Structure formats: C-alpha cells, structure tokens
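Enquirer: Once you've had a glance at the structure underneath, I'll fire off some questions.
Protein chains: 2
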Amino acid sequence: MIEQTLKEAKFACRAMQLVDKDTKIEALKKIHDNLLNRMSYILSENDKDIQAARANGMRESMIDRLQLSEARLQEIAQGVLDVAALPDPIGEVVREIHRPNGLLIKQVRIPIGTVAVIYESRPNVTVDIAAICIKTNNVCVLKGGKEAIHSNIALAEVMNEAIKDVLPAHVINMVQVTDRQAVNDILNGIGLVDVVIPRGGKGLIQHVVQNAKVPVIETGAGLCHVYVDKEADLDMAVRIAVNAKLQRPSVCNAMETLLVHKDVAEEFLTKLKPEIERVQVYGDQTALHYLPGQTATDENYSTEYDDYKLNVKVVNDVDEAIEHIYDHSTKHSETIVTENKATAQYFMDALDSACVYHNASTRFTDGSQFGFGAEVGISTQKLHARGPIGLPEMTSTKYLIYGSGQIRE
Amino acid sequence: MIEQTLKEAKFACRAMQLVDKDTKIEALKKIHDNLLNRMSYILSENDKDIQAARANGMRESMIDRLQLSEARLQEIAQGVLDVAALPDPIGEVVREIHRPNGLLIKQVRIPIGTVAVIYESRPNVTVDIAAICIKTNNVCVLKGGKEAIHSNIALAEVMNEAIKDVLPAHVINMVQVTDRQAVNDILNGIGLVDVVIPRGGKGLIQHVVQNAKVPVIETGAGLCHVYVDKEADLDMAVRIAVNAKLQRPSVCNAMETLLVHKDVAEEFLTKLKPEIERVQVYGDQTALHYLPGQTATDENYSTEYDDYKLNVKVVNDVDEAIEHIYDHSTKHSETIVTENKATAQYFMDALDSACVYHNASTRFTDGSQFGFGAEVGISTQKLHARGPIGLPEMTSTKYLIYGSGQIRE
Numbered sequence: 001m002i003e004q005t006l007k008e009a010k011f012a013c014r015a016m017q018l019v020d021k022d023t024k025i026e027a028l029k030k031i032h033d034n035l036l037n038r039m040s041y042i043l044s045e046n047d048k049d050i051q052a053a054r055a056n057g058m059r060e061s062m063i064d065r066l067q068l069s070e071a072r073l074q075e076i077a078q079g080v081l082d083v084a085a086l087p088d089p090i091g092e093v094v095r096e097i098h099r100p101n102g103l104l105i106k107q108v109r110i111p112i113g114t115v116a117v118i119y120e121s122r123p124n125v126t127v128d129i130a131a132i133c134i135k136t137n138n139v140c141v142l143k144g145g146k147e148a149i150h151s152n153i154a155l156a157e158v159m160n161e162a163i164k165d166v167l168p169a170h171v172i173n174m175v176q177v178t179d180r181q182a183v184n185d186i187l188n189g190i191g192l193v194d195v196v197i198p199r200g201g202k203g204l205i206q207h208v209v210q211n212a213k214v215p216v217i218e219t220g221a222g223l224c225h226v227y228v229d230k231e232a233d234l235d236m237a238v239r240i241a242v243n244a245k246l247q248r249p250s251v252c253n254a255m256e257t258l259l260v261h262k263d264v265a266e267e268f269l270t271k272l273k274p275e276i277e278r279v280q281v282y283g284d285q286t287a288l289h290y291l292p293g294q295t296a297t298d299e300n301y302s303t304e305y306d307d308y309k310l311n312v313k314v315v316n317d318v319d320e321a322i323e324h325i326y327d328h329s330t331k332h333s334e335t336i337v338t339e340n341k342a343t344a345q346y347f348m349d350a351l352d353s354a355c356v357y358h359n360a361s362t363r364f365t366d367g368s369q370f371g372f373g374a375e376v377g378i379s380t381q382k383l384h385a386r387g388p389i390g391l392p393e394m395t396s397t398k399y400l401i402y403g404s405g406q407i408r409e
Numbered sequence: 001m002i003e004q005t006l007k008e009a010k011f012a013c014r015a016m017q018l019v020d021k022d023t024k025i026e027a028l029k030k031i032h033d034n035l036l037n038r039m040s041y042i043l044s045e046n047d048k049d050i051q052a053a054r055a056n057g058m059r060e061s062m063i064d065r066l067q068l069s070e071a072r073l074q075e076i077a078q079g080v081l082d083v084a085a086l087p088d089p090i091g092e093v094v095r096e097i098h099r100p101n102g103l104l105i106k107q108v109r110i111p112i113g114t115v116a117v118i119y120e121s122r123p124n125v126t127v128d129i130a131a132i133c134i135k136t137n138n139v140c141v142l143k144g145g146k147e148a149i150h151s152n153i154a155l156a157e158v159m160n161e162a163i164k165d166v167l168p169a170h171v172i173n174m175v176q177v178t179d180r181q182a183v184n185d186i187l188n189g190i191g192l193v194d195v196v197i198p199r200g201g202k203g204l205i206q207h208v209v210q211n212a213k214v215p216v217i218e219t220g221a222g223l224c225h226v227y228v229d230k231e232a233d234l235d236m237a238v239r240i241a242v243n244a245k246l247q248r249p250s251v252c253n254a255m256e257t258l259l260v261h262k263d264v265a266e267e268f269l270t271k272l273k274p275e276i277e278r279v280q281v282y283g284d285q286t287a288l289h290y291l292p293g294q295t296a297t298d299e300n301y302s303t304e305y306d307d308y309k310l311n312v313k314v315v316n317d318v319d320e321a322i323e324h325i326y327d328h329s330t331k332h333s334e335t336i337v338t339e340n341k342a343t344a345q346y347f348m349d350a351l352d353s354a355c356v357y358h359n360a361s362t363r364f365t366d367g368s369q370f371g372f373g374a375e376v377g378i379s380t381q382k383l384h385a386r387g388p389i390g391l392p393e394m395t396s397t398k399y400l401i402y403g404s405g406q407i408r409e
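Same order as they appear, the protein sequences are chains A and B.
Per our numbering, the first sequence starts with residue 1, numbered consecutively.
Per our numbering, the second sequence starts with residue 1, numbered consecutively.
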C-alpha cells in the first residue's frame, strides 16, 4: 500500500500551490547543481540496474535506454535549467469577465495538484517530470519501471536533497516498491490523485485506461498516416514519406501506413521503392505491383509497428483516405501531401486527429519541435490536452470572483 | 446492449464535424419551431410519465421537476434559440505558432465527438444538452431517468424530426432502454464515447466515476463554505450567508458550512440568528452559545445537505478556515467576507476550489450568472473543465500544421 505516500503528496499540494515563481526557479537550479555534484553516486546506482539487466538478459537496445553516463546526466541537468527558463503559466489570467451586477470574474491558471506518472525504463523521465511539475506548482508521484529502480531512487534522493530547504516536503515522491499493487493504488486514488499519466508501451497504457478510477491523460499511441494526393509534388512526397518512416522508426510519430492516390500510384511508388529497401512492406494488390512485400490484412492496418515495417494502400480519392484514417488511426498525426490547397484544407478539416499536417513530416509532433521547450508526452485523447503536452497543459484553472456584497435575487 | 447506438453516434461525428455555423443555427431554429408545433403530443407523452409517477407514489416536489406545461415548453424552446445565438466556438484559433523552419502551427477548437450525458428526472435536460451539442458540432447520447422515459423519447423524436433534412443522421441519440446495462455500455464505450457527463445525485455521480473506463467530467457535488473574517462588514456577511443558504437550499452552489472568526462570532451569530430560524444548525461549542442546534460531527462537516440545514464552526483565523475547507470541501465554491483585501487575496490564492469569492454569495456559480448563456453543469474536477461548463468547455482542439515540404533532420 502506498496510501501514505499519496496522502503526503496530496497534502503537499496546499503549500506547493503558494510557492512563487522565483522560488521555483531557485529549486530547479539547485536540482541542476546537485545532479552534477552527485554524479558518481547516481552512476554507481545506475550501474546496479545495468548489471541486473545484463544478468536478466535484457536486449542491448533496452540497456541503452536504461544507461546513464556523465554526458547524459549533463544533458538531463541542462534540461532542468531549460524548464526553469520557460514562461511560467501559473497565475496567468485566461479570461476576465465583468458582469452587469459589478462582479469581476477572473479565470486563472493553477496547478492540477497531484500528478502521478507511471513509466517504464528510461530514468531521465524521473528528472524531466519532476522539473515540469515543480515549474507548474504540481506535486508528482513517480512510479518507474523495476529495471530502473536504483537509478530512479537515486535521482529522486538527489533532487529531494537539493530542494529540501526551498520547497515544501513531499513535492517529489518516488514510489519505491515495484509491484503492481502500487500501480493499482494510484489508479484507485480518488481524492488523492488528480491525474495519472501513463508513459510507456501499449500494455501499460491499456492497463491504466481500463483500470483507473482517477482521471487519465492517455498518451503515446501513434498509428500515423501519410496520404499522397493525386496533385502531390511527388519528390516532396518521397522525402516526407521516407522521413516519416525512417528518420526514427521506433517513435510514436513515425508513419505506419502510406495511402497513395491511384492516379499517381505507379509513378510515386516507383520513385519510393529504392528509398525504402530496408522496410518490410504490407500492401494491397496495386501497391504490390510496384513494391515487393506481403498482402496487408486489416490487422496490419491496425498495428503500430514502431519498426522497419510499412503498410501501403492505394485509394481512389481523398475521401477514401479519410475513411481509412478514421477506421484505423489512433488520432495522433496524419499528413496530406498535395499542391492543391483546397484538397489539403478539406483533409485537415475532415479529420479529428491531434495533429493534421499539410506538406510536412509527421515527425514534427513533439513538444520541442512545436517550441514548447518541454514535453510530458503526446496526448491522443480529446479531453484537457491534445497533442504535445507542454506546461500550460499541466495546469488547471479556477475562477476568482471579486464582489462588493452581491447576493443573488 | 446499446452498442449499435454508440457506433451510429461515433460514425455521425465524422459528418457532424463538417457542418457549418449557419446550418447549425438553422437546425436549432427548426427544433425550436417543432417543439412548439408538437406541443400537444409532447404534453400527452409527458402525462404518461406523470401518471406513472403518481401511481408509484412519487413526492410532489419530484413530480414538479418532471412535469412539462405549455409555459415550460415555451421556455425550453426559447432556450434553444438562446443557444443558437451564442458565439460559435468551433474553428476558433486558440494559438498560432510560427516556427523557424517555416511551419505554421494553428491550434483550433473542434468538437469533442460523442458526448454521453446520464441524467435523472428533468426532461428539459434532454433539449438543453441536444442544443448545446449541436451548437458545438458534438453528437449526443442521452440516457435519462426511467421516470421521464416517455417525455424524453417524445422530445428526442420531435427534435430529430426537425433536423432530419438539415443535419447528418444519428446526431441526437436517445437511449430508449431504462436498465442499468445501458449505463454500463456507455461507461465501457472505449473508442465510441469521447466523454461521459453525469448529471444528478451523488449516487449517480459516484457510480459513473467508479465505473467509467471512458473519460468523465464530474459535475455537481457542492459542499460550499462561507468564511466570515474578523474584518468583515457583518451586515454584508449576514446578507451573503442568508443568500448562500436560503435563496435556494436544494442546489449545489448553496452554502453547507459557515465558518466564523472567533473575534466576531458573538456579534455576527447574534445578528444572523433571527434570519435563519427555519434552518437546523449543527454547530461547535462556541457557535451553539449563540445559535440553537445540535453538536456538529465530522460527518456533518462532510455532508452536502441541499436542505434547510447548516454547519456553523468558529475558527481562530483564516488559516484554520482554509484548512477546514481543504479537509471537507468538494472544491465547488467558497466565499470569504472581509474588508481586508490582503486577507481576501490570501484566501483566494490558498484554495484550489473551482470558484473562490470575495464578498459575494456562492450562489453565483452558474453558467447564466457567469454570462455563458448555457450550462451543461458545474465541473468540480481539475481536468478539462472547471466551474460552469459552457460552450468552449464542450470543445477539444487539434493542431493544423502548414508546411512546404519540411522534414525532420
């Protein structure tokens, strides 16, 4: 049971809400400094995780995600300073209403409260989330993966040591147990947890969505589409498709399905072929005329590969592309490539995905690429936050109403 | 199983998203006209519900909520025209970002999608919600109480008849079965229901929060506080306290607990006494010196009475008032009465309730009193919507990103 941790976190929200801008910046600078000062301790704790991972036969690509180094820690510490320098959203007046009865109503940004984040192996998430939460006066409850437990406990300890004289107690809370029960306590924390954000694979996200009784921000599922229209600049379309698939296939904003207008299928796919030789293609009959590969099933069209695999489908028109996207997309990011602005706008208006592009790669769906400076994840749900989650999305609001004795008639 | 209804609703979102401003206004006017044209039919169906309610021994105050009349239907129809006349939030550009690489990023308001509302006896909710959803390009799934089933089916039928040549099919969906299974289908409708909003008593709201796997906007729980500071204008404090408790005790923005600074307890409570003779007081020892009543327990302080009952507690200072509110409030509405602006601002900054007032009655927490023109309910959760839910809160956003061939390096 981690109920005590959740209660301490919720209680800390009261004091944390009143911490001012400069104190938050001071706290973040102290975290930066202490991460550098305590580098050897953090690296030695990280090494315990790495050794355990090797002993358990973890894949090298996963060990790479887990491993810290001096250079990585410097980067992580710099990230904390970057968050400190961002515009502070707390206290911002979102709306001001003057009522005929003299009431002045101000809607202002406030912290959400207790933000619980459940994540997997990367220990940098521990520091990123803590920094973003401090900047937005939130209190965080961090539940990392068991593979990174020594690293995460060390990072939280070093951060808490840094802020102990500056911020209220229990602002950064690391869950030190690694069992599923701790996750379930968070998901059932009505009244204690204001939001839970899962960061990780599909299994984790589904578990949270299916079981949380507290509000969730769903992130990260990315089955993204590129549609090459009959009026596309085909060289541009090749560049965009290759970038969307191959610049970093493992991430959520990479393309999984390429839709091609039938009028340009031959020319476009012939141009594309030499650029995607490393990619396993799942295509419809027409696509497989021009590209080697296997016949695509509906399961292919519904799979987020995050890998060197790609679905290719030839469509009759933009409407068929839109229908296909509605039927298979996770509503993350979609692109149309066309020189026809009206067709582009129609595609952009008709879809309801978080990010819809005209003539650009889906790979830009990212907090830093949007200029947000920091990112908690990419929301693919409709409520509260959509697309990259930056600092404003980590806030709630309240109304302050200034009167002079008004009563309701 | 109402899965078919939910699928039809979800599919209707695609076409509904593209309906323009004028068409929505036309649809709402047709609903207004048809509600008046079909008045006798609606009233005869309503009469079936009234007769069933009488046969089942329903209280007269509940029957009053259920009953329609010509005058009430005219008012309901006028409400539809009022919604039609409100500013249209859909398509509004919330934010525009120009990136150094030439990308133009526009965040625009879009509909949420499928909005499911589960409510109790008042049939006017059927029309209010349908009108608000049409104005915001949302598709609604309405699940009313079984007491109002004939009225609700008739109202939905009359509205659907009105819009059949103007809007896509299945934009207004009335769930015609009255069993709990229909509610559970909605709560489990992952991928089909974008948000569920419960409107009704505590039991309904708790059931939805505990069981929904789809996103919820929690509404309506209102345990509101008035704090009378030592520097209050005591005559103003009496007016505000009386208004907050007695102007309409049955609603969520009425006061349940009165907190009084010890320095003014005697004078204030003596002034208040003759004004609240109809009210059952639960007080602490000091309060009961000046007011007749019973000793308050922690359970009293945690109860939303919605009735002629009031907790009264004498506190040592504003901090004790703030602590009491944090420990017992549903985060709906709280008021401080004081002439000291610094004390007022401290109280307003320290609390995180949806609405915090200075020198005004809590009864103003209401969409129409805020100037929103229409209201779906009062959100007491931190995510997405806080306080009165107006049209902008019934929207989501998406990013439209305009490029000229940009790819990520």
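Think of the CB as a built atom: it goes at the ideal place given N, C-alpha and C, for glycine as much as any other residue.
All values derive from a computational prediction rather than experimental measurement.
1. For A:I97, return the contacting residues in chain B, with the cut-off set at a CB-CB distance below 7 Å.
2. How big is the Cα-Cα spacing for A:D284 and A:E334?
3. Would you call the stretch 162-171 of chain A and the stretch 20-36 of chain A in contact, with 3 or more CB pairs under 8 Å?
4. Is the shortest distance between the beta-carbon of A:K213 and the beta-carbons of chain B less than 7 Å?
5. Got a sec? Which residues, its chain only, sit under 6 Å from A:D306 by beta carbon, not counting five neighbours each side?
6. For B:A84 and B:K29, I'd like the C-alpha separation in whole angstroms.
7. Using beta carbons (cut-off 7 Å, strictly below), is A:M255 in contact with chain B?
8. Output needed for B:A287: all residues of its chain with C-beta closer than 6 Å, excluding positions within five of it in sequence on either side, in chain order.
9. Residues of the stretch 178-202 of chain A in Cβ contact with chain B at a cutoff of 9 Å, in chain order, please.
10. Using 8 Å as the cut-off, can you tell me whether the stretch 37-54 of chain B makes contact with the stretch 91-107 of chain B, which would need three or more C-beta pairs spanning the two stretches below that distance?
11. Under 7 Å between C-beta atoms, does B:N34 make it to chain A?
12. For chain B, find out if any of its Cβ atoms is closer than 7 Å to the Cβ of A:T397; answer yes or no.
13. Can you find at least 3 beta carbon pairs, one from the stretch 134-141 of chain A and one from the stretch 56-65 of chain A, that sit closer than 8 Å?
14. Does any C-beta atom of chain B lie closer than 7 Å to the C-beta of A:M58?
15. To the nearest angstrom, how far is it from the Cα of B:M174 to the Cα of B:V80?
16. Just list the alpha helix (DSSP H) runs in the stretch 125-194 of chain B, keeping only unbroken ones of 4 residues or longer that don't cross its boundaries, in chain order.
17. So which residues of chain B does A:C252 contact, with C-beta pairs closer than 8 Å?
18. Are B:T362 and B:M255 close, meaning C-beta to C-beta below 7 Å?
19. Is B:F347 near B:V376, with beta carbons less than 7 Å apart?
20. For the stretch 31-71 of chain A, which segments carrying the alpha helix (DSSP H) assignment without a break, of at least 4 residues, lie completely within its bounds, in sequence order?
21. Apart from the five residues on each side of it in sequence, which residues of its chain come closer than 8 Å, Cβ to Cβ, to A:V238?
22. Given a cut-off of 7 Å, decide if A:V108 and A:V93 are closer than it, judged by their beta-carbon atoms.
23. Out of curiosity, what's the CA-to-CA distance linking A:E157 and A:A131?
24. Using a cut-off of 9 Å between C-beta atoms, extract the partners of A:L258 located in chain B.
25. Check whether the stretch 291-300 of chain A touches the stretch 351-370 of chain A, counting contact only when three or more Cβ pairs, one atom from each stretch, lie closer than 8 Å.
26. Out of curiosity, what's the CA-to-CA distance linking B:T219 and B:E45?
27. Taking the alpha-carbon positions, what's the B:D263 to B:P215 distance?
28. So which residues of chain A does B:C355 contact, with C-beta pairs closer than 9 Å?
29. Does the Cβ of A:A71 have 16 or more other Cβ atoms within 10 Å, making it buried, or fewer, making it exposed?
30. Which of the three DSSP states, helix, strand or coil, is assigned to B:A212?
31. Could you spell out the range, first to last residue, of the alpha helix (DSSP H) harbouring B:H328?
32. Between the Cα of A:C13 and the Cα atoms of B:S40, B:R99, B:E323, which residue gives the shortest distance?
33. If you run the structure through DSSP and keep just helix, strand and coil, what is B:M394?
34. Would A:A182 pass as a contact of A:I2 if the rule is Cβ separation under 7 Å?
35. Ignore the nearest five residues each way along the sequence and tell me which others in B:I112's own chain have a CB closer than 8 Å to its CB.
36. Run down chain B in chain order and give the residues with a C-beta less than 7 Å from the C-beta of A:N359.
Expert: On the basis of the data shown:
1. F370, G371
2. 20 Å
3. yes
4. yes
5. S250
6. 7 Å
7. no
8. V312, V314
9. I190, D194, V195
10. no
11. no
12. yes
13. no
14. no
15. 18 Å
16. 149-163, 180-187
17. The premise fails here: A:C252 is roughly 14 Å from chain B at the closest Cβ pair, so nothing lies under 8 Å.
18. yes
19. no
20. 39-55, 60-66
21. F268, K271, L272, E275
22. yes
23. 14 Å
24. Per Cβ cutoff of 9 Å: no residues; A:L258 is ~15 Å from chain B at best.
25. no
26. 29 Å
27. 46 Å
28. I105, K398, Y399, L400, I401
29. exposed
30. coil
31. 318-328
32. B:E323
33. helix
34. yes
35. T136, N138, D194, V195, M394, T395, S396
36. G403, S404, G405
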